[in-house]
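Engineer: Below is the structure I would like to discuss, written out as structure tokens.
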Amino acid sequence: MTQYVSETDPSILSMNAVLELYKLSGWKLLDVRRIWANGNWPNGDPETRHNAFTDLTRFKGCWYCVFRVGEDHAVTGSLGGLRVVRSKDGKRWTSVFFYQPEEKSVDVRDSKLAVTQDSQLVLLAYESYRFEPAKSAFRDRWFKEGEESDGTIGRSMTWLSSDGQEWQGPNVSTVAGNTWLWSCAWHKGAGYAVAHSGKHGRKGAIYRTDDGKEWELLAADIFPKDTEGKHQGNEASIFIDADDSAWVYLRNAPRVNRQLSNIGFSRPPYTEWDWSRQTAVNLGGPKMARLSDGRIVVAGRFGGRHGGGGYGDSVTALYELDIDNSILHRIADLPSQGDNAYPGIVEVNGELWISYYSCHEDPNPESRRAHLQRSCIYLARIRIGGPRYHYTDKYSLRPEPPDAKR
């Protein structure tokens, strides 16, 4: 088995300026560790130099982190596989699962982890058919006659495990063919996933599964529209409260509105959605989670510019969401730079454990082709403090009131 002993990130020592943002309310960065990198970092195999797009969960006494491994971000068409690593203490990590498509023109990405009520670990991922011959083969096999698409070709798939070691899959849903299920939340025996791209384009959809294998469509065209009447949805993080209320943080499409994101709300059967809440921070690769005390935190990539031109000064940032006033209050910037973020968040014993990826230790961080930077997987531990919205600072951004009535 592949093992990796994590190292404390030295950049944590230079974070005094960031700590000033939230020390008054008791938040504290306890530790940041590099938990996975390609072999012989930083000069390892170029085909696995880009480790990215993480998620994190706790399952049967162990930590599990999943991420994509590949040559680059995929802006240039690189292909990738999935790796799941496990740890008892968050320091020593062992690879327990790896998936690489047999087809050379297929990419796998945006993997997510969830735990079902019957103690099954579920891995959700998207297999992208961006290049020939896989693109044509997928279209012929999975497209239904008359079905539309935004040009994105791929399929969502799952694996299930009862012990984190042996995995059953991949399971491919016929209903969710050519659908990008981006995140999933399990609630009262069922899984709910928000989809974008493919046959749903920027309009979005929500799906349900009872077994983690086959999905049913609950509602399509659920994403909000911009001022020109165009749908604007992209990556979406979902959680469901004990009272059955569903919440979604929706990243807006970069070509539609870079500055605003939407918070979606719905009640069973989750076919009607209220998107009237808008925040003035549009995070890439977002993760939203409800804390045990009722507060909501959101993390993702803030700033920079997506694409071949580079990611600028973007960082992996953590926020507390004041849902009543649609304000994201900045808590901390984690050690990060360039191509980064796509975090996973788990609350345990008064702490947030956050997985993410970053290029800030790349030997050539000034590369203009940022998608070619080497990236590693990191794990941050943050002590949870008091509410951020009792304090006023320049990082609290209030948007214009939305037109729609709440």
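Taking this note's numbering, the leading residue of the sequence shown gets 14, the next gets one more, and so forth.
Here a beta-carbon is modelled for each residue, glycine too, at the ideal position from N, C-alpha and C.
#1: Compute the beta-carbon to beta-carbon distance between alanine 452 and tyrosine 355, rounded to the nearest angstrom, for a pair I have assumed lies under 8 Å.
#2: Please tell me whether isoleucine 276 and arginine 290 are closer than 8 Å, where the distance is taken between their beta carbons.
#3: Of all the options Thr70, Trp172, Gly167 and Asp102, which has the alpha carbon lying nearest to the alpha carbon of tyrosine 112?
#4: From the DSSP output, which residues share a beta bridge with glycine 83?
#5: Return the first residue and the last residue of the beta strand (DSSP E) that tryptophan 193 is part of.
#6: So if DSSP puts lysine 41 in a beta bridge, which residue, or which two residues, is it bridged to?
#7: Look at the Cβ atom of aspartate 68, then the Cβ atom of leucine 134, and state whether they are nearer than 8 Å.
#8: Using beta-carbon positions only, say whether threonine 284 and leucine 230 come within less than 8 Å of one another.
#9: With DSSP as the reference, please indicate the residues paired to phenylalanine 252 in a beta bridge.
#10: Specify, as a first and last residue, the run of the beta strand (DSSP E) that aspartate 287 falls within.
#11: In the DSSP assignment, what are the bridge partners of glutamate 229?
#12: Note down, in chain order, each residue of its chain lying with its Cβ closer than 8 Å to the Cβ of serine 274, except the 5 sequence neighbours on either side.
#13: Using 8 Å for Cβ pairs, my map puts leucine 347 next to tyrosine 332. What's the rounded Cβ distance?
#14: So what's glycine 182 in DSSP terms, helix, strand or just coil?
#15: Count the other CB atoms, across all protein chains shown, that sit within 10 Å of the CB of proline 400; report buried if there are 16 or more and exposed otherwise.
#16: Report yes if the C-beta distance between arginine 394 and leucine 43 is below 8 Å; otherwise report no.
#17: Around the Cβ of glycine 39, are there at least 16 other Cβ atoms within 10 angstroms (buried) or fewer (exposed)?
#18: Going by DSSP in three states, lysine 73 sits in which element: helix, strand or coil?
#19: CB-CB under 8 Å to glutamine 181, same chain, minus the five flanking residues each way: which ones, in chain order?
#20: Tell me the rounded alpha-carbon separation between asparagine 184 and methionine 170.
#21: Leaving aside the five residues before and after valine 207 along the sequence, list all residues of the same chain whose C-beta is less than 7 Å from its C-beta, in chain order.
#22: So, is isoleucine 336 buried or exposed, given that buried needs 16 or more other C-beta atoms within 10 angstroms?
#23: Leucine 95: which of Arg105, Gly103, Lys104 and Glu115 sits nearest, CA to CA?
#24: For lysine 104 and glycine 190, I'd like the C-alpha separation in whole angstroms.
#25: On the DSSP bridge assignment, give the partners of glycine 246 in chain order.
#26: State the CB to CB distance for the pair isoleucine 367 and alanine 312, rounded to an integer number of angstroms; the pair is presumed to be in contact (CB under 8 Å).
#27: Quick one: grab the DSSP three-state call for glycine 320.
#28: Using three-state DSSP, classify lysine 300 as helix, strand or coil.
#29: Go through its chain and collect everything with a Cβ distance to aspartate 223's Cβ below 6 Å, but skip five positions before and after it.
#30: According to DSSP, simplified to helix, strand and coil, what is lysine 212?
#31: Out of Gly398, Asp131 and Ala87, which has the shortest C-alpha to C-alpha gap to histidine 200?
#32: What residue from Gly93, Val97 and Arg62 has the CA that sits closest to cysteine 75's CA?
#33: Just the C-alpha distance for arginine 280 and lysine 117, rounded to the nearest angstrom, thanks.
#34: Roughly how many angstroms separate the alpha carbons of glycine 398 and alanine 345, rounded to a whole number?
Structural biologist: Reading it off the structure:
#1: Because the chain spans 14 through 419 in this model, residue 452 falls outside it and cannot be assessed.
#2: Reading the sequence shown from its first residue, position 263 is the one you call residue 276. Reading the sequence shown from its first residue, position 277 is the one you call residue 290. Their beta carbons are under 8 Å apart, which means isoleucine 276 touches arginine 290 by this criterion.
#3: The count along the sequence shown starts at 1 and reaches residue 112 at position 99. Closest by alpha carbon: Trp172.
#4: In the sequence shown, counting from the first residue as 1, residue 83 sits at position 70. DSSP output for glycine 83 lists His63 and Gly93 as bridge partner(s).
#5: As a first step, residue 193 is located in the sequence shown; it is residue number 180 there, counting from the start. Note, tryptophan 193: beta strand (DSSP E), 193-200.
#6: Position 28 of the sequence shown, counting from 1, holds the residue named residue 41. The partner list for lysine 41 (beta bridge, DSSP) reads Arg396.
#7: Residue numbering aside, residue 68 sits at position 55 when the sequence shown is read from its first letter. Residue numbering aside, residue 134 sits at position 121 when the sequence shown is read from its first letter. It is not a contact, given that the beta carbons lie outside the stated cut-off.
#8: For the purposes of this step, residue 284 is taken as residue 271 along the sequence shown, with counting starting at 1. For the purposes of this step, residue 230 is taken as residue 217 along the sequence shown, with counting starting at 1. Contact: no.
#9: What you label residue 252 is simply residue 239 of the sequence shown in a count that begins at 1. DSSP, once it has assigned bridges, lists Trp260 as partnering phenylalanine 252.
#10: Counted from its first residue, the sequence shown places residue 287 at position 274. Taken as a continuous stretch (DSSP letters only), the beta strand (DSSP E) holding aspartate 287 covers 287-292.
#11: Against the sequence shown, residue 229 aligns to sequence position 216. Note: glutamate 229 sits in a beta bridge opposite Arg221.
#12: Against the sequence shown, residue 274 aligns to sequence position 261. Within the same chain, serine 274 has close Cβ partners Tyr262, Leu263, Arg264, Asn265, Gln291, Thr292, Val294, Asn295, Leu296 and Pro299.
#13: The sequence position of residue 347 within the sequence shown is 334, counting from 1. The sequence position of residue 332 within the sequence shown is 319, counting from 1. The Cβ separation is near 12 Å, so there is no contact.
#14: Start at 1 with the first residue of the sequence shown, and residue 182 comes out as number 169. In this structure, glycine 182 counts as strand in the three-state DSSP scheme.
#15: Here residue 400 refers to the residue found at position 387 when the sequence shown is read from its first residue. Looking at its Cβ environment, which holds fewer than 16 other Cβ atoms inside 10 Å, proline 400 is exposed.
#16: Mapped onto the sequence shown, residue 394 falls at position 381. Mapped onto the sequence shown, residue 43 falls at position 30. Cβ atoms of arginine 394 and leucine 43: closer than 8 Å.
#17: For the purposes of this step, residue 39 is taken as the residue at position 26 of the sequence shown. Glycine 39 is exposed by the Cβ-count criterion.
#18: The residue you call residue 73 lines up with position 60 of the sequence shown. Reduced to three states, the DSSP call for lysine 73 is coil.
#19: As a position in the sequence shown, residue 181 is number 168, starting the count at 1. The answer, listed in chain order, is Trp172, Leu173 and Ser174.
#20: As a working note, residue 184 is residue 171 in the sequence shown. As a working note, residue 170 is residue 157 in the sequence shown. Rounded to the nearest angstrom, the two C-alpha atoms are 5 Å apart.
#21: Working through the sequence shown from its first residue, we reach residue 207 at position 194. Counting only Cβ-Cβ distances below 7 Å, and skipping sequence neighbours, we find Trp195, Ser196, Gly217, Ile219, Ala249, Ile251 and Val261.
#22: Position 323 of the sequence shown, counted from the start, is the residue given in the question as residue 336. Classification for isoleucine 336: exposed.
#23: The residue given as residue 95 occupies position 82 in the sequence shown. It is Glu115.
#24: As a working mapping, residue 104 is identified with position 91 in the sequence shown. As a working mapping, residue 190 is identified with position 177 in the sequence shown. When rounded, the distance between both Cα atoms is 38 Å.
#25: Translated into the one-based positions of the sequence shown, residue 246 becomes position 233. Partner(s): Asn265.
#26: Stepping through the sequence shown from its first residue, residue 367 is reached at position 354. Stepping through the sequence shown from its first residue, residue 312 is reached at position 299. At roughly 6 Å, the Cβ-Cβ gap stays under 8 Å, so isoleucine 367 and alanine 312 are in contact.
#27: Position 307 of the sequence shown, counted from the start, is the residue given in the question as residue 320. A caution first: glycine 320 carries a pLDDT of 34, below 50, which makes its placement in the model too unreliable to give a value.
#28: For this step, residue 300 is matched to residue 287 along the sequence shown. Three-state DSSP puts lysine 300 in a strand.
#29: Numbered from its first residue, the sequence shown carries residue 223 at position 210. Apart from sequence neighbours up to five positions away, the residues of its chain that approach aspartate 223 with a beta-carbon distance below 6 Å are Ala203, ordered along the chain.
#30: Here residue 212 is taken as the residue at index 199 of the sequence shown, counted from 1. Looking at lysine 212 - three-state DSSP - the assignment turns out to be helix.
#31: Here residue 200 refers to the residue found at position 187 when the sequence shown is read from its first residue. The option with the nearest alpha carbon to histidine 200 is Asp131.
#32: Position 62 of the sequence shown, counting from 1, holds the residue named residue 75. Checked all of Gly93, Val97 and Arg62; the closest Cα to cysteine 75 is Val97.
#33: Within the sequence shown, the letter at position 267 stands for residue 280. Within the sequence shown, the letter at position 104 stands for residue 117. Going by the C-alpha atoms only, they are around 42 Å apart.
#34: Taking the sequence shown and counting its residues from 1, one reaches residue 398 at position 385. Taking the sequence shown and counting its residues from 1, one reaches residue 345 at position 332. Going from the Cα of glycine 398 to the Cα of alanine 345 covers about 12 Å.
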